[in-house]
Every structure is written in C-alpha cells, then in structure tokens.
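Scroll down for the structure; my scribbles are underneath it.
Here it is as structure tokens:
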C-alpha cells in the first residue's frame, strides 16, 4: 500500500497520471504554444537518442542530453508535466525505498543530480532536522527546483550547481540516476557489439566516479544509490569500486525494481553503503 506521505506529496506538487505528454502540453499551453513545444521536444529527443546510441565527437557522454534537460526545465509547469509522464511511477517507487530505509539518513544530506528537486524536497520534508542540498549541472533544473521549494515553503533545502568534489561533506549522499551518465565511455551501439565487461572490468570503469561520489561523504556517513541499469554486472561494478574506497554495503538494502518510464519500462538497482574509512583506526 502506498504510504500516505507519498500520495499527499505527489498530489501537492501536481504529479498526476498523464497518458500522452503531447496532449498535456496542448491542454496546458494552448494549441499554438503547445505545438511549438511538441515540435522542439521531438527534435531534441531525436538528437539526444542519436548522441547516446551513436556517440558524438564533440559532446561528452554526460552532456549529450543537456539541451533536452534544459528545455524540459524551462519552467516548473513543463518540468512537472514531463515528470508526470515519464517519472510518476518511478518517483513513487523511489520514495517508497527512501522511506523504508529512512533511519540511514544522517546529518546533512546532499542529493547529487537532483534535477527538478522533487526528491530533494521530499527528503527535506521527511527530515526536518537535516539540511538538504540539491546539486545539478543544469542551471534550468536548479531554478525550477528553487521554485518548487518556494512553492512548498520548505526552509531546509537549497539548490546549486556542483562545485569541486570534497569541498562539501555530508552525512548522507543520495545519488539517483547519475551513475550511468558518468561511466559509459563508448556509444551504446559499440557497447552492444561485444560481450558485457566482466565484474572486474566494470569495477575499473566505475572507479573514477565512485571516487568523486565518495569525496562528499564523511567517515561514518552513508551513500544511498538508486541507479538505472540495463542488466549485466553494473551494480557489482559500482559496489566493487566503492568497497575499494572503504564503503561497505549495508545488508538487505540492495534491491531491484522495474517501472514504466514514459512509453518504456526501465530497471533500477538500489543500495546503501557506509563509509567506514578512517572510523575504525
């Protein structure tokens, strides 16, 4: 049964069931403006998919969806419409996980890759004694997240662009759907040609980003991860890279779930890791 806190929160911010994003845009923005949004989004989605699958000489993997993300977050209204269509079920499942393990949220919280701030604001409401900082590369996403927090009158959350890792420490780092954007070094079409890398090879691929994430977490703190995976040993790769850095997985917090993501189904893996480096010396 869905927790009443989740139902009330999603209803409060305006997340609802949307069967067609195009129809929702026409209803919300009117025929003329709505058609312009549909045409531009179609163009950006096609360009984004082409870059992800076939690569781009001049655009690093992390930034291949930058234009699309900025467009979807040009306003709170459009951001919430897109979130309703693509992420309504995902947010419910993610929030269920966050509440299930809410005793692991210690001290100040950083939500890296916070997007439009929906999960950051939820964490701030659930943990009023903590201060939540949401970080995102997209300036538009940061602006929308700030508007959402203001709309909800939340005082213990702020949003910013990420600074150098290690400059800011927290008791709990939350990473949600950021890992796959930071570790894929080749176009997806090349990845599909050969066999999936072994767990050891995956660990090596995750080392740089795992180190970047670990720099935010104080000794004794936690890293909580909800990441999208398409199968293979990706979860083992992240866990292996974190173990090398002194992070130990918390038993029985690793799980996998699938949910509708727009017109497709996406799979996610979760896990909680404790930073034991330096605390037992």
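Residue numbers (this note's numbering): 6 to 286. The beta-carbon is built from N, C-alpha and C at its ideal position, and this holds for glycine as well.
Assumed close pair residue i, residue j - CB separation to whole angstroms, cut-off 8 Å
i	j	result
residue 183	residue 110	Actually they are not in contact, since the Cβ atoms of residue 183 and residue 110 sit about 18 Å apart, beyond 8 Å.
residue 280	residue 245	Residue 280 to residue 245, Cβ: 16 Å. No contact.
residue 46	residue 76	7 Å
residue 29	residue 86	5 Å
residue 303	residue 217	With the chain running from 6 to 286 in the structure shown, residue 303 is simply not present.
residue 40	residue 89	The pair is not a contact, with the Cβ atoms about 20 Å apart (cut-off 8 Å).
residue 43	residue 27	5 Å
residue 234	residue 274	5 Å
Exposed unless 16 or more other CB atoms sit within 10 angstroms - verdict on residue i
i	result
residue 24	exposed
residue 252	buried
residue 108	exposed
residue 100	buried
residue 125	buried
residue 79	exposed
residue 56	buried
residue 166	exposed
residue 158	exposed
residue 7	exposed
residue 242	buried
residue 263	exposed
residue 15	buried
residue 9	exposed
residue 105	exposed
residue 285	Its pLDDT being 44, under 50, residue 285 is placed unreliably in this model, and the coordinates cannot settle the point.
residue 268	exposed
residue 51	exposed
residue 118	buried
residue 213	exposed
From the options, residue whose alpha carbon lies closest to that of residue i
i	options	result
residue 164	114, 98, 207	114
residue 139	185, 121, 133	121
residue 232	217, 145, 260	260
residue 94	270, 44, 248	270
residue 17	154, 103, 36, 38	154
residue 133	119, 161, 143	161
residue 35	73, 64, 83, 258	83
residue 277	208, 212, 103	103
residue 96	127, 69, 68	127
residue 137	174, 149, 90, 53	174
residue 81	265, 215, 149, 247	149
residue 229	209, 12, 255	255
residue 205	123, 98, 247, 265	247
residue 48	70, 258, 156	70
residue 272	179, 211, 168, 92	92
residue 13	275, 180, 151, 131	131
residue 180	19, 265, 222	222
residue 250	135, 215, 258, 257	215
Residues that residue i bridges to, as DSSP identifies them
i	result
residue 275	231, 260
residue 270	265
residue 280	252
Alpha helix (DSSP H) runs wholly inside the stretch 210-267, at least 4 long, in chain order: 239-249
Continuous alpha helix (DSSP H) assignments of at least 4 residues falling wholly in the stretch 110-183: 123-131, 144-157
Those runs of the alpha helix (DSSP H) which lie wholly inside the stretch 31-80 and span at least 4 residues: 36-59, 71-77
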